[in-house]
Ligand SMILES: Nc1ncnc2c1ncn2[C@@H]1O[C@H](COP(=O)(O)OP(=O)(O)OP(=O)(O)O)[C@@H](O)[C@H]1O
Ligand SMILES: [Mg+2]
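Residue numbers (this note's numbering), protein chains in the order written: chain A, 1 to 484; chain B, 485 to 735.
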């Protein structure tokens, strides 16, 4: 994320392009399209993986072949031809995996600079460690040395497989089993890279960790896997950002994220998702089908998911918490914007198992243009979850009258001592609110931004400072031309 | 001349509300407009401020020599037109001070003046808040979010004080104010009276005019200015209602 913020000048409102839509022209090592066991063996071999992992992948693949793509989300799209996708693409220069920063292909460094993610450590003011994933491989991870001093492991997951196999084997798939759902199974079979984070007992991670995902190659899918383990009493704040070039073809992104929090551990996971949304006619864009789940295993453990979702043609995503530990806490703060022909079916699941476990859900959906969006949330209170509490607040804001917002809240309560609170509102950006701002000298476009940012404030407040600024800016850029 | 309205006709959803308004306001003057419910007072102030949804079918509105009707609402604000709303709008999550700062700086920018920085603006805001005895805590709250009816009205006058308009339209600012608040708000408005600032006060109550002495009082009924007089007209209306004005006009 960029440290130097451009001042929003009125003239820049004429620029309605997706800013991250450029293509990096780089030689790649790309597998031909198609999916079979040989492809999986090939990926595994490329990454020099141990036998157990290959078997794990193959098992997932066999399971996946028996599954069918889910159709319950409230979205419509052209089905993906899984044989037409390439499952591995890496810049040739990175063939042997990331080395030191000096050895990273300058074209890649330039790509990330353009996106506002300088990978040179000295370029960072805020002290954020970054893992940059370009198509199927991680190209650079910054500040590794500094993190190592306190025992924090932050590296590409392929590297973790090599250097910390015991941790990976113990935890990978323990939160999202390989056969959990269609896309999770596909991911387990073909995942290529992603980040691995391990925070040892009692350590407060000294800086924000962030992974930046970039899809570049044509006709490839991105299947990353992220695994974060927070040991007893530790703390980490992690952020992921995503962009992709502007292309007419739809591209699939099917990620899996697993979080494990032990006793008194805290994980704050923030996402700013800005995959290419397609054009104004609904052509192109990313299919963002993602499984994210946290296991609040320990007593008093806490996981917060904060997401700002402005990109992708289709989003299908429910970051969830399994609140196993006593007094464990799960939070979900979400802003989702669908404009043009974007569709999002997103929400969360809070599964209360531990006594006195608590969860908070704040979902803010904004629909503009022909955008369509659904909040889908499940709050489940198991019999064991004595004294569990949930608070859900679900607000939708409509801009224009061609868009739609829906809410599907599901509640299952097996313990009568549970307390549930649910609030929901749907409002239109009022003509009266716009006029009020205008009569104070604020232009309509600025007024819309102001009102939307006000609407999103409860969620933006949860983001780390510099990312909140970025999120604000992203909303502004995304809303350009949404009104009128 | 500050404002000149000539033969103004305006309709909403095809229904004619304003049926030929003529009104001239000189610089520094304070005019009161009174009239029965539904007679078109808010419609007139909305048309002057530029709200969408009103179709002007005839007539003109000239402000400081400019064709006001050709301007966007924000352009009117930059030119010094201000409307204190009869029903101020809540904008959740948008900080009261932030909105005002954006408004003030947009206006300054369009006038070619230096924008105020955060410090300068806070100074200005604190000083103006004192003028209407608005508690500092309102400055950091969402725009009108959860404000009581009277607090909203007081906030409108506070905004007027900060924006320093040349033409202020106060649409029933006195309604909903308690006795003390009315006195405070009126004191604020009086302090804002200036040779280069004109004020149109829409009100139902003569009482407000005891606090803010108008130069001229108009009666707006059935979409027209039926009568114009001095302050004594308001007293007469208080006593006798509006029917006699209508009868006189139709005679
Ligand atoms: N959007 C609308 N659609 C239909 N009628 C409208 C609309 N807006 C205003 N009107 C009508 O126009 C007339 C004038 O309304 P206006 O609000 O200007 O009255 P007013 O003089 O301000 O009344 P009050 O003293 O009650 O505030 C009313 O009959 C009202 O119902
Ligand atoms: Mg009115």
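From the three backbone atoms N, C-alpha and C, an ideal C-beta is built for every residue, glycine too.
The model shown is predicted, which means the values in this text are computed figures rather than measured ones.
Item to check | Shell residues, 7 Å Cβ cut-off relative to heavy atoms of ligand 2 | outcome: Going by the Cβ distance cut-off, the answer is B/525, B/526, B/570, B/655, B/656, B/686.
Next on the checklist: Tell me the residue span of the beta strand (DSSP E) that contains residue 486 of chain B.
Outcome noted: Position 2 of the second chain holds residue 486 of chain B. Element bounds for residue 486 of chain B: n/a, residue is neither H nor E.
Checklist entry - Between which two residues does the alpha helix (DSSP H) containing residue 315 of chain A stretch? => result If you number the first chain from 1, residue 315 of chain A lands on position 315. For residue 315 of chain A, there is no enclosing alpha helix (DSSP H); the enclosing beta strand (DSSP E) has its first and last residue at 314 to 317.
Checklist entry - Buried or exposed: where does residue 125 of chain A fall if 16 or more other Cβ atoms within 10 Å of its Cβ makes it buried? => result As a first step, residue 125 of chain A is located in the first chain; it is residue number 125 there, counting from the start. Low per-residue confidence applies at residue 125 of chain A: pLDDT is 39, beneath 50, and the placement is therefore not dependable enough to give any value.
Checklist entry - So with Cβ pairs under 8 Å, would you call residue 590 of chain B a contact of chain A? => result Position 106 of the second chain, counted from the first residue, corresponds to residue 590 of chain B. With 8 Å as the cut-off, residue 590 of chain B counts as an interface residue toward chain A.
Checklist entry - Using the rule of at least 16 other Cβ atoms within 10 Å of the residue's Cβ for burial, across every protein chain shown, is residue 44 of chain A buried or exposed? => result Within the first chain, residue 44 of chain A is the residue found at index 44, counting from 1. If you draw a 10 Å sphere on the C-beta of residue 44 of chain A, you find 16 or more other C-beta atoms in it, and that means buried.
Checklist entry - Any C-beta of chain A sitting closer than 8 Å to the C-beta of residue 520 of chain B? => result Within the second chain, the letter at position 36 stands for residue 520 of chain B. No, its Cβ sits nowhere closer than 8 Å to a Cβ of chain A.
Checklist entry - Taking only beta-carbon atoms, is residue 266 of chain A less than 8 Å away from chain B? => result Residue mapping note: residue 266 of chain A aligns to position 266 of the first chain, counting from 1. So no, residue 266 of chain A is outside the interface.
Checklist entry - When the Cβ atoms of the segment 462 to 474 of chain A are set against those of the segment 599 to 612 of chain B, are three or more pairs found closer than 8 Å? => result In short, these stretches do not touch, since the Cβ pair count stays below three.
Next on the checklist: Is it buried or exposed, residue 530 of chain B, if we count other Cβ atoms within 10 angstroms and call 16 or more buried?
Outcome noted: Taking the first residue of the second chain as 1, we reach residue 530 of chain B at position 46. When all chains shown are included, residue 530 of chain B counts as buried.
Checklist entry - Counting only beta-carbon atoms, is residue 438 of chain A nearer than 8 Å to chain B? => result For the purposes of this step, residue 438 of chain A is taken as residue 438 along the first chain, with counting starting at 1. Yes - at least one Cβ of chain B is within 8 Å of the one on residue 438 of chain A.
Next on the checklist: residue 381 of chain A and residue 412 of chain A - do their beta-carbons sit closer together than 8 Å?
Outcome noted: Counting from 1 along the first chain, the entry for residue 412 of chain A is found at position 412. Counting from 1 along the first chain, the entry for residue 381 of chain A is found at position 381. Yes.
Checklist entry - From this set, B/518, B/539, B/552, B/725, which residue's C-alpha is nearest residue 489 of chain B's C-alpha? => result Taking the first residue of the second chain as position 1, residue 489 of chain B is located at position 5. When each option's Cα is compared against that of residue 489 of chain B, the closest is B/552.
Item to check | Under 9 Å by beta carbon: chain B residues contacting residue 21 of chain A | outcome: Looking up residue 21 of chain A in the first chain gives position 21. The contacting residues do not exist; residue 21 of chain A stays about 30 Å from chain B at best.
Checklist entry - Under three-state DSSP, which class holds residue 72 of chain A? => result By 1-based counting over the first chain, the position of residue 72 of chain A is 72. Coil.
Next on the checklist: Classify residue 502 of chain B: buried if its beta carbon has 16 or more other beta carbons within 10 angstroms, exposed otherwise.
Outcome noted: In the second chain, counting from the first residue as 1, residue 502 of chain B sits at position 18. Buried.
Item to check | Cα-Cα separation, residue 369 of chain A to residue 343 of chain A | outcome: Along the first chain, one-based indexing puts residue 369 of chain A at 369. Along the first chain, one-based indexing puts residue 343 of chain A at 343. Straight-line Cα distance between these residues: approximately 11 Å.
Item to check | Bridge partners - residue 728 of chain B, DSSP secondary structure assignment | outcome: Counted from its first residue, the second chain places residue 728 of chain B at position 244. Paired residue(s): none; residue 728 of chain B is not in a bridge.
Next on the checklist: Residues of chain A with CB closer than 9 Å to the CB of residue 497 of chain B, please, in chain order.
Outcome noted: Residue numbering aside, residue 497 of chain B sits at position 13 when the second chain is read from its first letter. Here the premise fails: no neighbours, minimum Cβ distance about 14 Å.
Checklist entry - Considering only residues of the same chain and omitting the five flanking positions on each side of residue 232 of chain A, which have a CB-CB separation below 8 Å? => result Here residue 232 of chain A refers to the residue found at position 232 of the first chain. Contacts found: 201, 202, 262, 263, 264, 265, 298.
Checklist entry - Is it true that the CB of residue 704 of chain B sits closer than 8 Å to the CB of residue 519 of chain B? => result Stepping through the second chain from its first residue, residue 519 of chain B is reached at position 35. Stepping through the second chain from its first residue, residue 704 of chain B is reached at position 220. Going by beta carbons, residue 519 of chain B and residue 704 of chain B fall inside the 8 Å limit.
Next on the checklist: Against residue 587 of chain B, what residues of chain A qualify as contacts under a CB-to-CB distance less than 7 Å, listed in chain order?
Outcome noted: The sequence position of residue 587 of chain B within the second chain is 103, counting from 1. Neighbours of residue 587 of chain B on chain A, chain order: 440, 441, 442.
Item to check | Environment of residue 372 of chain A [buried if 16+ CB atoms lie within 10 Å] | outcome: Counted from its first residue, the first chain places residue 372 of chain A at position 372. The residue is buried, with at least 16 neighbouring Cβ atoms inside 10 Å.
Checklist entry - If you draw a straight line from the C-alpha of residue 524 of chain B to the C-alpha of residue 663 of chain B, how long is it? => result Residue numbering aside, residue 524 of chain B sits at position 40 when the second chain is read from its first letter. Residue numbering aside, residue 663 of chain B sits at position 179 when the second chain is read from its first letter. Linking residue 524 of chain B to residue 663 of chain B through their CA atoms gives a straight-line distance of about 27 Å.
Checklist entry - Thinking C-beta only, is residue 363 of chain A closer than 8 Å to residue 321 of chain A? => result Position 321 of the first chain, counting from 1, holds the residue named residue 321 of chain A. Position 363 of the first chain, counting from 1, holds the residue named residue 363 of chain A. Going by C-beta atoms, residue 321 of chain A is not nearer than 8 Å to residue 363 of chain A.
Item to check | Expected contact under 8 Å - CB spacing of residue 441 of chain A and residue 591 of chain B to nearest Å | outcome: The count along the first chain starts at 1 and reaches residue 441 of chain A at position 441. The count along the second chain starts at 1 and reaches residue 591 of chain B at position 107. 5 Å between Cβ atoms; contact.
Checklist entry - Along the chain, where does the beta strand (DSSP E) that runs through residue 321 of chain A open and close? => result Within the first chain, numbered from 1, the residue matching residue 321 of chain A stands at position 321. Run containing residue 321 of chain A: 320 to 323, per the beta strand (DSSP E) assignment.
Item to check | Stretch-stretch touch, CB-based, cutoff 8 Å, three pairs: the segment 326 to 336 of chain A with the segment 290 to 307 of chain A | outcome: Yes: at least three Cβ pairs fall under 8 Å.
Checklist entry - Using Cβ-Cβ distances below 9 Å, what residues of the segment 532 to 557 of chain B are close to chain A? => result 533, 534, 535, 536, 537, 556, 557
Item to check | Rounded straight-line distance, which links the Cα of residue 455 of chain A to that of residue 392 of chain A | outcome: Taking the first chain and counting its residues from 1, one reaches residue 392 of chain A at position 392. Taking the first chain and counting its residues from 1, one reaches residue 455 of chain A at position 455. Whole-angstrom Cα-Cα distance: 16 Å.
Next on the checklist: Considering Cα atoms alone, identify which of A/42, A/356, A/278, A/194 is closest to residue 160 of chain A.
Outcome noted: On the first chain, position 160 is the one that residue 160 of chain A refers to. Selected option, being the one with the closest Cα: A/194.
Next on the checklist: For residue 242 of chain A, list the residues DSSP reports as bridge partners.
Outcome noted: Along the first chain, read from residue 1 onward, the residue named residue 242 of chain A stands at position 242. Residue 242 of chain A is bridged to A/213, A/273.
Checklist entry - With residue 35 of chain A and residue 87 of chain A assumed to form a contact (beta carbons below 8 Å), what rounded beta-carbon distance in angstroms separates them? => result Within the first chain, the letter at position 35 stands for residue 35 of chain A. Within the first chain, the letter at position 87 stands for residue 87 of chain A. That pair is a contact at about 6 Å.
Checklist entry - chain A partners of residue 609 of chain B, CB-CB under 7 Å? => result Reading the second chain from its first residue, position 125 is the one you call residue 609 of chain B. By Cβ distance, chain A contributes nothing, its closest Cβ being about 14 Å from residue 609 of chain B, past 7 Å.
Checklist entry - Hey, residue 634 of chain B and residue 661 of chain B are a contact pair by Cβ (cut 8 Å); roughly how many whole angstroms apart? => result Within the second chain, numbered from 1, the residue matching residue 634 of chain B stands at position 150. Within the second chain, numbered from 1, the residue matching residue 661 of chain B stands at position 177. Contact holds; Cβ gap of about 5 Å.
Next on the checklist: Please classify residue 60 of chain A as buried or exposed, where buried requires at least 16 other C-beta atoms within 10 Å of its C-beta.
Outcome noted: Within the first chain, numbered from 1, the residue matching residue 60 of chain A stands at position 60. By the Cβ-count criterion, residue 60 of chain A is buried, with 16 or more other Cβ atoms from all chains shown falling within 10 Å of its own Cβ.
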